[in-house]
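**Q** The following block contains the structure, expressed as structure tokens.
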Amino acid sequence: MMNVKDLIEKLNTQKSLTLEEYFFILDNYTEKDAEFAKKLAVQIRKSVYGNAIYIRGLIEVSNYCKNGCLYCGINRDNKSCTRYRLSMEEILSCCENGYKLGFRTFVMQGGEDNHFTDEFVCNVVKEIKARFPDCAVTLSLGERSYDSYKALYDAGADRYLLRHETADSEHYSMLHPSDLSLKTRIECLENLKSIGFQTGCGIMVGSPYQTNEHLAKDLKFIEEFDPQMCGIGPFLPHKDTVFADKEKGSFELTLFLLSLIRIMKPSILLPSTTALGTLREGGREMGIMAGANVIMPNLSPDTAKDKYMLYDNKLRTGLESVEGLEKLKQKFASIGYEIVTDRGDYKKQ
Ligand code: SAM
Numbered sequence: 071m072m073n074v075k076d077l078i079e080k081l082n083t084q085k086s087l088t089l090e091e092y093f094f095i096l097d098n099y100t101e102k103d104a105e106f107a108k109k110l111a112v113q114i115r116k117s118v119y120g121n122a123i124y125i126r127g128l129i130e131v132s133n134y135c136k137n138g139c140l141y142c143g144i145n146r147d148n149k150s151c152t153r154y155r156l157s158m159e160e161i162l163s164c165c166e167n168g169y170k171l172g173f174r175t176f177v178m179q180g181g182e183d184n185h186f187t188d189e190f191v192c193n194v195v196k197e198i199k200a201r202f203p204d205c206a207v208t209l210s211l212g213e214r215s216y217d218s219y220k221a222l223y224d225a226g227a228d229r230y231l232l233r234h235e236t237a238d239s240e241h242y243s244m245l246h247p248s249d250l251s252l253k254t255r256i257e258c259l260e261n262l263k264s265i266g267f268q269t270g271c272g273i274m275v276g277s278p279y280q281t282n283e284h285l286a287k288d289l290k291f292i293e294e295f296d297p298q299m300c301g302i303g304p305f306l307p308h309k310d311t312v313f314a315d316k317e318k319g320s321f322e323l324t325l326f327l328l329s330l331i332r333i334m335k336p337s338i339l340l341p342s343t344t345a346l347g348t349l350r351e352g353g354r355e356m357g358i359m360a361g362a363n364v365i366m367p368n369l370s371p372d373t374a375k376d377k378y379m380l381y382d383n384k385l386r387t388g389l390e391s392v393e394g395l396e397k398l399k400q401k402f403a404s405i406g407y408e409i410v411t412d413r414g415d416y417k418k419q
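In terms of the numbering used here, the sequence shown is residues 71 to 419.
If you want it as structure tokens, here you go:
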């Protein structure tokens, strides 16, 4: 007879479970099991990363997008979205502000904007690396060809985030238009990894039509793909999408998944997302206390922040100001964590 606590312990020792075992955990866990997983996750993270919490400066470079992802507020079909893209100088000025605040990783994230050619992105990456040689650059610009990813890597980009969104192809097709497929997404992730990027996959928790069978597949996919990073945040509806009336993802389930992923992959870089902080006040801190170890304050110019609306009521934290960051440092120090000025690379074990 299976038991959730025993399975969590098995995950801790073997770092692998069957699909059925993951499903059993998700379908049967109690608050007490989540508490157990949380304690274990924090202990494991401590053994790899000590008390360090890494910060990444998020720069939302463009909200132009050629894709029609059904859940996303900046999808190509949203005619009420006011579009913008940042220039090279604007991106560099975000990095300069961030550098002064202690950021040593910059994350360029945006819609799939045709303006962001290889040449343009490579030039931006090279310029960031030239001006801030002790910083890492993470890109999150969606699906591109192998050659494109290779060019970006050769230009100096260190990491790439591309959530797989769901490891079930039928579910994938319920979240995306027919020109997008799980197969292509996985090929992109495999290319990124083989090129040498620290690669991140991930999902939205509670995306429309998601079931525990899907989530079990996601956990198995993460186990086997073995990413260096994983972005896990709740789905939150956006008023101008076809999913406007869908339920939000569960806060508790997101925390539980963060804990399970930490237990499965002790070294993984695991952000506590803005979406989690939007769903509940103090959510990002609770994500850290469930096993996450990365926070991504927003360094984008204010005008961009207002327009990069993936979902309604996106959290504006003020963490990106000197005072805001100082407050956050104090808050974490009071619970035994240290926000560090460090690139915060993946630690191979
Ligand atoms: N275009 C790039 C890509 O597709 O990876 C990067 C930008 S995309 C907007 C970043 C992530 O935002 C997606 O992978 C998705 O999981 C998340 N996202 C989009 N809409 C969301 C929503 N309504 N709620 C929560 N997360 C959302």
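For each residue, glycine too, the CB sits at the ideal point set by N, CA and C.
Rounded to whole angstroms, what's the CA-CA distance from S132 to R153? Just pull it up for me.
**A** Taking the straight line joining both Cα atoms gives about 8 Å.
**Q** Write down the C-beta distance between K318 and L349 rounded to the nearest angstrom, noting that I regard them as a contact closer than 8 Å.
**A** Going by Cβ atoms, the distance from K318 to L349 rounds to 6 Å, so yes, they are a contact pair.
**Q** Identify every run of the beta strand (DSSP E) within the stretch 166-228, keeping only runs that are complete inside it and at least 3 residues long; order them along the chain.
**A** Complete beta strand (DSSP E) runs here, min 3: 175-180 and 206-210.
**Q** Would the stretch 215-227 and the stretch 183-201 be scored as touching if the rule is three or more Cβ pairs under 8 Å?
**A** Short answer: they touch.
**Q** Whose C-beta lies closer than 8 Å to the C-beta of V74 among residues of the same chain, with five residues either side of it excluded?
**A** The answer, listed in chain order, is F94, I95, N98, Y99, T100 and D103.
**Q** Could you give the distance in angstroms between the alpha-carbon of V275 and the alpha-carbon of L323?
**A** Between V275 and L323, the C-alpha separation is close to 7 Å.
**Q** Q268 by DSSP, collapsed to three states: which one?
**A** If DSSP states are grouped into helix, strand and coil, Q268 belongs with the strands.
**Q** Please return the same chain residues whose Cβ sits closer than 6 Å to the Cβ of P278, not counting the five positions on each side in sequence.
**A** F313 and K316, listed in sequence order.
**Q** Using the C-alpha atoms, what's the distance from L245 back to K287?
**A** Their backbone Cα atoms lie some 16 Å apart in a straight line.
**Q** Measuring straight from C-alpha to C-alpha, what distance separates E213 and C258?
**A** Approximately 6 Å, taken between the alpha carbons.
**Q** L232: which of F295, S243 and A221 sits nearest, CA to CA?
**A** If we check each option's Cα against that of L232, F295 comes out closest.
**Q** Is the beta carbon of I233 within less than 7 Å of some heavy atom of the ligand SAM?
**A** Reading off the sequence shown, one finds Arg at residue 233, where the question assumed Ile. Yes, the beta carbon of R233 sits closer than 7 Å to at least one heavy atom of the ligand SAM.
**Q** Would a C-beta distance cut-off of 8 Å place G127 and G180 closer than the cut-off?
**A** Going by C-beta atoms, G127 is not nearer than 8 Å to G180.
**Q** Give the secondary structure of L231 by DSSP, where H, G and I count as helix, E and B as strand, and everything else as coil.
**A** In this structure, L231 counts as strand in the three-state DSSP scheme.
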